[in-house]
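Data first, discussion second: the structure below is written as structure tokens.
Residue numbers (the numbering used here), protein chains in the order written: chain A, 158 to 293; chain U, 158 to 293; chain R, 898 to 993; chain D, 898 to 993; chain G, 191 to 306; chain H, 191 to 306.
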């Protein structure tokens with residue numbers, strides 16, 4: 158076992174339509190606990206819904222978007238939503254709001270919106286790239 | 158064949174993760190053309206993403222949320238997103254924004270947010286209730 | 898529209914790929930006289946050598962064309978308007 | 898981490914239900930020495946009488962408990978921390 | 191006219207089964223007759239001793255056990271799927287009726303709604 | 191190190207296959223070696239004469255045909271799936287290599303990514 162590996166995590170399943178964000182969060186917490194480093198969490202496809210600032214589950218249900226955002230902030234881990242996936246699915250930041258003249262923005266802090274190049278960089282530079290897919 | 162039936166359409170598949178909104182729209186257009194009446198279009202589960210005002214597909218791709226909203230407005234057809242499904246998935250109107258102190262609202266015009274009672278009423282009063290599910 | 902002792906002819910709208918478990922369940926649930934309408938990914942069944950389709954089987958033309966299957970002779974092609982007509986003619990429709 | 902002639906032992910993380918077509922594809926792709934980690938809906942395989950699981954098979958305890966299967970003796974139970982360790986030990990992981 | 195809600199998806203992996211249960215309870219709340227049918231991997235919703243705390247979810251077992259109280263007329267399960275997933279009588283929630291074929295079960299109901 | 195993208199889902203019913211193609215083209219754009227494998231119902235992406243105008247989508251056939259130009263090294267397809275879906279040589283896009291087993295195909299690549 159190599160201690161201190163670097164990971165990119167890719168989440169393609171949305172909260173509520175899949176268990177992917179939950180499994181990925183438990184995995185990410187244990188990664189940090191084991192002394193590994195997370196280069197970035199990349200949201201792709203349906204996974205971009207995890208970055209919605211407006212998700213408001215009932216108070217007696219788990220709040221995966223909120224828990225994930227707290228984790229990213231606490232660990233200063235970059236969270237990146239793929240721009241193409243996000244725009245289609247209505248996840249936009251202030252810049253996209255201005256560019257497309259939209260009525261609002263809803264990208265949750267601390268996520269950034271960026272291209273697939275972030276994923277390619279993970280492939281090149283991270284020791285591990287682990288995917289968390291939907292259940293279909 | 159009975160002319161002039163009343164329909165409730167239920168869409169449970171999201172745009173981009175399923176073909177359901179597209180099939181449902183083609184079906185709805187033909188319903189109107191055949192002289193039938195649509196009592197309501199009810200978005201449930203993943204289907205609520207169709208009501209996002211922020212969905213911004215590339216200009217050379219179909220814009221199902223935009224096309225559906227135009228259809229509803231042109232035909233004065235009520236579009237209803239289930240409140241429980243919508244809140245979890247980050248689709249909120251001004252009222253929910255205020256109630257939960259959210260940073261924005263993103264429910265597309267002319268959709269309304271309401272409870273499953275709207276679906277129950279469709280079961281009771283519409284001649285037909287037709288479902289458009291995701292592909293999983 | 899009251900429940901009858903004998904179930905009336907039913908329209909089954911199936912949009913799942915032949916690989917999806919719901920596909921086989923649907924085919925096993927059909928009665929003689931029912932109509933099966935293939936939509937979306939389910940139209941792949943017309944070229945699936947393992948799918949035994951019933952006699953009363955129709956498929957949406959737009960979905961066949963998208964998948965390069967419009968020339969397939971195994972099935973009766975319908976339009977979205979035809980699908981509307983089928984739902985009006987059947988008081989019982991199941992969406993799989 | 899260069900490509901070797903002989904493929905090294907691989908970790909397969911499978912989260913699909915045994916009814917999902919990807920489940921059978923995964924089981925058919927395993928090599929002797931690979932490890933299969935069942936997660937989410939895939940843990941139902943431990944109680945599926947039609948699923949032939951390989952010897953090197955582990956399953957997430959939290960997912961087994963959720964589905965009432967924590968007492969099932971057919972599989973080695975792992976934690977999320979164990980799953981992290983498995984991904985660190987294997988230079989090749991496939992998420993199904 | 192009783193509405194039958196059919197759940198064929200495995201529990202906890204997605205929210206669609208829960209949202210189908212919400213439909214059943216909503217019908218019951220409006221005094222509309224409703225029933226549930228579990229088929230395929232969906233029968234695993236009916237297993238006893240579920241504990242979803244470790245995956246951060248609420249267990250649905252109590253909701254299902256309370257279904258008759260809330261007016262859900264019947265809970266049906268596909269027999270062959272119960273056999274496949276080793277869900278014997280002692281493993282299942284009480285009050286579940288096994289049905290030999292999905293086709294026969296569907297025939298009993300005028301209105302059928304699959305989980306999305 | 192070549193990355194193999196695996197697509198096992200039927201075309202047009204969801205966007206996941208298209209988004210997997212975007213991954214392949216993105217690798218190629220950054221001069222990273224990439225290959226595609228179609229298995230199960232996914233082999234139907236490779237059929238000729240697709241015309242998705244009637245469902246309001248763009249046809250992917252041209253994107254796939256252009257894949258080699260953009261640097262995608264190989265397009266592989268599962269032989270048994272092609273047989274199942276009657277996708278003979280004349281029905282398929284040119285330049286597709288049939289592979290007898292998914293296991294052997296995966297063995298050729300260090301890095302495997304399934305469509306989401």
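Just so you know, even glycine gets a beta-carbon here, dropped at the ideal spot from N, CA and C.
Same chain, Cβ closer than 7 Å to residue i, neighbours up to 5 away in sequence not counted
i	result
residue 255 (chain G)	283
residue 900 (chain D)	No answer about residue 900 (chain D) holds up, because its pLDDT of 43 lies below 50 and its placement is not dependable.
residue 275 (chain H)	233 and 234
residue 931 (chain R)	906, 907, 909 and 953
residue 942 (chain R)	915, 935, 948 and 950
residue 199 (chain H)	206, 207, 231, 232 and 305
residue 217 (chain H)	193 and 224
residue 286 (chain U)	165, 167, 279 and 280
residue 902 (chain D)	Low local confidence applies: a pLDDT of 43 at residue 902 (chain D) is under 50, so the model's placement there is unreliable, with the coordinate-based value given in what follows. There are no such residues.
residue 271 (chain A)	237 and 240
Paired residues, beta bridge with residue i - DSSP
i	result
residue 226 (chain G)	G:195 and G:265
residue 268 (chain U)	Partner(s): none; residue 268 (chain U) has no beta bridge.
residue 288 (chain A)	A:167
residue 973 (chain R)	R:955
residue 238 (chain A)	A:200 and A:270
residue 303 (chain H)	H:195
residue 209 (chain A)	A:264
residue 934 (chain D)	D:910 and D:955
residue 172 (chain A)	A:175
residue 282 (chain G)	G:237
residue 289 (chain H)	H:268
residue 195 (chain U)	U:164
C-alpha distance - residue i paired with residue j, whole-angstrom precision
i	j	result
residue 210 (chain U)	residue 266 (chain U)	8 Å
residue 194 (chain G)	residue 926 (chain D)	39 Å
residue 239 (chain H)	residue 275 (chain U)	43 Å
residue 898 (chain D)	residue 283 (chain A)	For residue 898 (chain D), the pLDDT reaches just 38, beneath the cut-off of 50, and the residue's location in the model is therefore unreliable, although a value from the coordinates is still provided. Cα-Cα distance, rounded: 11 Å.
residue 231 (chain U)	residue 190 (chain U)	13 Å
residue 249 (chain A)	residue 991 (chain D)	31 Å
residue 289 (chain U)	residue 207 (chain U)	12 Å
residue 302 (chain U)	residue 225 (chain H)	This structure cannot speak to residue 302 (chain U), because chain U is shown only from 158 to 293.
residue 185 (chain U)	residue 915 (chain D)	36 Å
residue 205 (chain A)	residue 209 (chain G)	21 Å
residue 219 (chain G)	residue 299 (chain G)	20 Å
residue 973 (chain R)	residue 921 (chain R)	20 Å
residue 913 (chain D)	residue 292 (chain A)	6 Å
residue 303 (chain G)	residue 252 (chain A)	42 Å
residue 158 (chain U)	residue 293 (chain G)	Its pLDDT being 48, under 50, residue 158 (chain U) is placed unreliably in this model, and the value from its coordinates should be taken loosely. Approximately 26 Å between the Cα atoms of the pair.
residue 268 (chain G)	residue 229 (chain G)	5 Å
residue 200 (chain U)	residue 227 (chain U)	16 Å
residue 979 (chain R)	residue 280 (chain H)	32 Å
residue 229 (chain A)	residue 264 (chain U)	28 Å
residue 261 (chain G)	residue 268 (chain A)	45 Å
residue 266 (chain H)	residue 214 (chain H)	13 Å
residue 233 (chain A)	residue 917 (chain D)	37 Å
residue 259 (chain A)	residue 277 (chain A)	29 Å
residue 976 (chain D)	residue 256 (chain U)	39 Å
residue 277 (chain G)	residue 253 (chain G)	19 Å
residue 222 (chain G)	residue 964 (chain D)	30 Å
Spatial neighbours of residue i in its chain, beta-carbon cut-off 8 Å, leaving aside the 5 residues before and after
i	result
residue 180 (chain A)	289
residue 182 (chain A)	221, 224, 225 and 228
Nonlocal neighbours in the same chain, by C-beta distance under 6 Å from residue i, ignoring five residues either side
i	result
residue 202 (chain U)	169 and 242
residue 295 (chain G)	227, 266 and 289
### Query
Three or more beta-carbon pairs under 8 Å between the segment 243–261 of chain U and the segment 211–222 of chain A, yes or no?
Output reads yes: the segment 211–222 of chain A touches the segment 243–261 of chain U.
### Query
What residues in the segment 944–959 of chain D bring their beta carbon closer than 8 Å to a beta carbon of chain R?
none
### Message
Please identify, using Cβ separations under 7 Å, the residues of the segment 285–305 of chain G that lie next to chain R, in order along the chain.
### Response
Taken in chain order, the members of the segment 285–305 of chain G whose beta-carbon sits within less than 7 Å of a beta-carbon on chain R are 292, 293, 296, 297, 300, 302 and 304.
### Task
Evaluate the contact criterion for the segment 954–971 of chain D versus the segment 241–249 of chain G: three or more CB pairs, one atom per stretch, below 8 Å.
Yes: the two stretches touch, three or more of their Cβ pairs being nearer than 8 Å.
#### Entry: Members of the segment 199–230 of chain H that neighbour chain U once the beta carbon cut-off is set at 7 Å
202, 203, 204 and 205
### Message
Does the segment 905–915 of chain D come into contact with the segment 936–954 of chain D, if we say contact requires no fewer than three beta-carbon pairs (one atom in each stretch) closer than 8 Å?
### Response
yes
### Query
When Cβ atoms are compared, which residues of the segment 257–274 of chain A fall closer than 8 Å to chain U?
257, 259, 260, 261, 262 and 263
### Task
Output, in sequence order along the chain, the residues in the segment 191–222 of chain U whose CB is closer than 9 Å to any CB in chain R.
191 and 193
### Message
Which residues of the segment 911–945 of chain R have a Cβ closer than 7 Å to any Cβ of chain G? Give them in chain order.
### Response
918, 919, 922, 925 and 926
### Query
Which residues, in chain order, does the segment 231–252 of chain G contribute to contact with chain A at a C-beta distance below 8 Å?
245, 246, 247 and 248
### Message
Using a Cβ-Cβ cutoff of 9 Å, what residues of the segment 958–983 of chain D are near chain A? List them in chain order.
### Response
Within the segment 958–983 of chain D, those residues whose Cβ lies closer than 9 Å to any Cβ of chain A are, in chain order, 959, 960, 976, 977, 978, 979, 980, 981 and 982.
### Task
Could you run through the segment 232–256 of chain A and flag, in chain order, every residue whose CB is less than 8 Å away from some CB of chain H?
241, 242 and 245
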